[in-house]
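Protein chains in written order, with the numbering used here: chain P, 108 to 282; chain E, 186 to 566.
If you want it as structure tokens, here you go:
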């Protein structure tokens with residue numbers, strides 16, 4: 108049972124955003140926030156990187172298209188060359204269609220796998236589930252998590268700071 | 186960017202148009218056939234813009250969506266220019282025997298496949314069909330320009346009637362555009378036929394009209410100032426995404442026609458592409474592919490580009506230029522196999538027809554009330 112962090116509950120989205128901003132101002136970097144609905148601007152306050160999924164999906168699309176094209180090229184040039192009506196073996200106009208479709212497939216797969224990887228899924232347990240206040244039975248609350256791994260984390264100090272920022276309740280999370 | 190003032194540009198556009206027309210008239214002494222052919226390409230390009238705008242406005246009346254509300258102003262102004270390109274085609278109609286290979290020749294000299302098509306391809310019928318199509322488009326334009334903004338559709342009965350007009354109008358419009366593309370574009374090579382051609386033309390028209398509307402929109406208001414787009418996006422981004430769809434539709438149809446013709450490899454079909462792959466036309470094609478597909482595809486996928494006012498503006502300019510090259514590349518090669526020969530004629534025709542047309546468009550755009558007053562006169566409310 109090692110300490111994972113401290114979770115603080117706030118009354119509303121505004122208080123949560125304010126607290127997150129204040130904690131960032133104090134130099135904390137390993138913060139996470141939970142809310143029943145997306146709070147505008149909170150991701151920026153928490154210093155989250157803009158998503159890199161676009162690049163992942165582009166890479167998946169290019170990879171899928173190249174793989175399909177290479178497979179077709181290998182089968183018509185090396186594995187099973189057939190002369191169809193005198194056309195060149197490398198008949199690219201027809202192959203482009205297959206390459207495009209596999210590009211879309213690659214993009215979709217990269218999006219799916221990349222989304223799971225970026226969200227660290229599948230993850231069956233997260234330490235915040237152990238906090239008694241962090242349940243849907245409470246109807247969704249506005250929570251700010253400060254991880255113990257944060258270099259600025261001092262359990263007593265951090266808790267005091269969070270209370271000073273208007274937290275209605277504070278709990279510790281354990282691994 | 187200095188403020189876009191359509192009023193001050195009307196006279197320069199008119200002057201450019203008159204200079205171009207004078208040059209074209211002078212060039213008729215060099216070659217009447219080439220001058221008419223240049224005018225044909227320019228007029229068909231210009232005609233496609235109001236026709237594409239009509240398509241978009243009717244589709245939007247059925248689907249709704251905020252992208253259409255943003256484009257409505259420019260699209261209505263483009264629709265209002267419809268009579269001019271129709272008028273510009275009349276000289277070509279008067280000189281069909283100089284332009285169309287099936288007109289004014291002894292049928293015995295024509296290939297057998299073309300002789301069978303003469304039932305359809307005869308100058309009086311061409312004129313009759315042109316008048317019928319023009320009547321359909323003018324009636325549709327008249328109806329569409331009378332529609333109120335989507336959010337202010339008035340009573341339910343009016344809204345339902347407008348939707349009915351839009352649905353029926355799209356069916357008739359599709360037939361009319363099919364007739365246009367067969368009569369005025371495909372029949373330039375009477376041996377060639379492609380069942381996808383009319384759809385390709387319609388898709389090109391929509392992409393061209395939307396591109397021009399994007400340009401006018403970007404010049405008139407700052408794009409990032411357009412409120413009310415989808416989640417986390419400006420309206421300009423919604424419009425850019427729609428345009429990406431239109432461009433992709435065109436690219437798909439253009440590629441499919443090429444793929445099918447290439448795969449079948451029949452002499453009377455592949456000749457269409459052989460002709461367009463020589464004498465300078467190949468360079469035109471690659472430029473068209475770059476402007477109408479490659480560049481927009483890259484630009485529309487890059488969020489910073491479509492979100493910036495300059496990116497939005499230049500994407501519109503690129504697609505509009507690409508659409509011109511598309512029409513030019515489809516219409517012109519059979520009339521002059523050697524591209525550089527066409528340049529003086531076509532430059533004069535584009536300057537003349539385009540100048541006059543731009544002057545009309547700018548005149549309509551300069552003041553909202555001009556369109557409203559013109560259209561309101563016929564409304565019995």
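Each residue gets a CB set at the ideal place from its N, CA and C atoms; glycine is no exception.
Query, Result
"Is there a C-beta anywhere in chain E that falls below 8 Å from the one on residue 175 of chain P?", "no"
"What is the residue span of the alpha helix (DSSP H) that residue 177 of chain P lies within?", "160-181"
"Restricting to Cα atoms, I'd like to know which of E:537, E:370, E:350, E:194 is closest to residue 516 of chain E.", "E:370"
"For the segment 422-461 of chain E, which segments carrying the alpha helix (DSSP H) assignment without a break, of at least 4 residues, lie completely within its bounds, in sequence order?", "452-460"
"Contact criterion: CB-CB distance below 8 Å. Does residue 195 of chain P meet it with respect to chain E?", "no"
"Could you give the uninterrupted runs of the alpha helix (DSSP H) lying entirely in the segment 297-359 of chain E, keeping only those of 4 residues or more?", "297-302, 308-330"
"CB-CB under 8 Å to residue 556 of chain E, same chain, minus the five flanking residues each way: which ones, in chain order?", "261, 262, 265, 330, 549"
"Can you give me the C-alpha to C-alpha distance between residue 348 of chain E and residue 257 of chain E, rounded to a whole angstrom?", "16 Å"
"Would you kindly report the start and end of the unbroken beta strand (DSSP E) that includes residue 280 of chain P?", "276-281"
"Output the distance between the C-alpha atoms of residue 317 of chain E and residue 354 of chain E, rounded to the nearest integer angstrom.", "14 Å"
"Under a CB-based cut-off of 8 Å, is residue 311 of chain E close to chain P?", "no"
"At a CB-CB cut-off below 8 Å, which residues of chain E make contact with residue 148 of chain P?", "Neighbours of residue 148 of chain P on chain E: none; closest Cβ ~11 Å, over 8 Å."
"Check whether the Cβ of residue 542 of chain E lies closer than 8 Å to any Cβ atom in chain P.", "no"
"Considering just the uninterrupted stretch of the alpha helix (DSSP H) at residue 245 of chain E, what are its terminal residues?", "217-248"
"Please indicate yes or no: does the CB of residue 129 of chain P lie closer than 7 Å to some heavy atom of the ligand COA?", "You won't find the ligand COA in this model; it holds no ligand whatsoever."
"Quick one: give me the first and last residue of the alpha helix (DSSP H) that residue 116 of chain P is part of.", "First-last for residue 116 of chain P: 110-117, but that is the beta strand (DSSP E), not the alpha helix (DSSP H)."
"Curious, which full-length alpha helix (DSSP H) runs of at least 4 residues does the segment 475-563 of chain E contain?", "480-486, 488-492, 494-516, 524-551, 553-561"
"In whole angstroms, give me the CA-to-CA distance for residue 253 of chain E and residue 501 of chain E.", "16 Å"
"Would you verify that the beta carbon of residue 444 of chain E is, or is not, closer than 8 Å to some beta carbon of chain P?", "yes"
"Pull up the CB-CB distance for residue 280 of chain P and residue 238 of chain P, whole angstroms please, since I reckon it's below 8 Å.", "5 Å"
"How would you label residue 294 of chain E, buried or exposed, when you count the other beta carbons within 10 angstroms and need 16 or more for buried?", "exposed"
"To the nearest angstrom, how far is it from the Cα of residue 122 of chain P to the Cα of residue 334 of chain E?", "41 Å"
"Under 8 Å by Cβ, that's how I've got residue 168 of chain P and residue 214 of chain P pegged, so tell me the actual separation to the nearest angstrom.", "4 Å"
"Smallest Cα separation from residue 450 of chain E: which of P:234, P:229, P:195?", "P:195"
"Just to make sure I have the definition right: I need the residues of chain P whose C-beta is within less than 9 Å of the C-beta of residue 450 of chain E. Which are they?", "192, 193, 194"
"Run down chain E in chain order and give the residues with a C-beta less than 7 Å from the C-beta of residue 206 of chain P.", "In chain order: nothing, as chain E lies at least about 12 Å away."
"With which residues is residue 140 of chain P paired in a DSSP beta bridge?", "P:251"
"Pull up the distance between the alpha-carbon of residue 447 of chain E and that of residue 190 of chain P, whole angstroms please.", "16 Å"
"Three-state secondary structure (DSSP) at residue 257 of chain P?", "coil"
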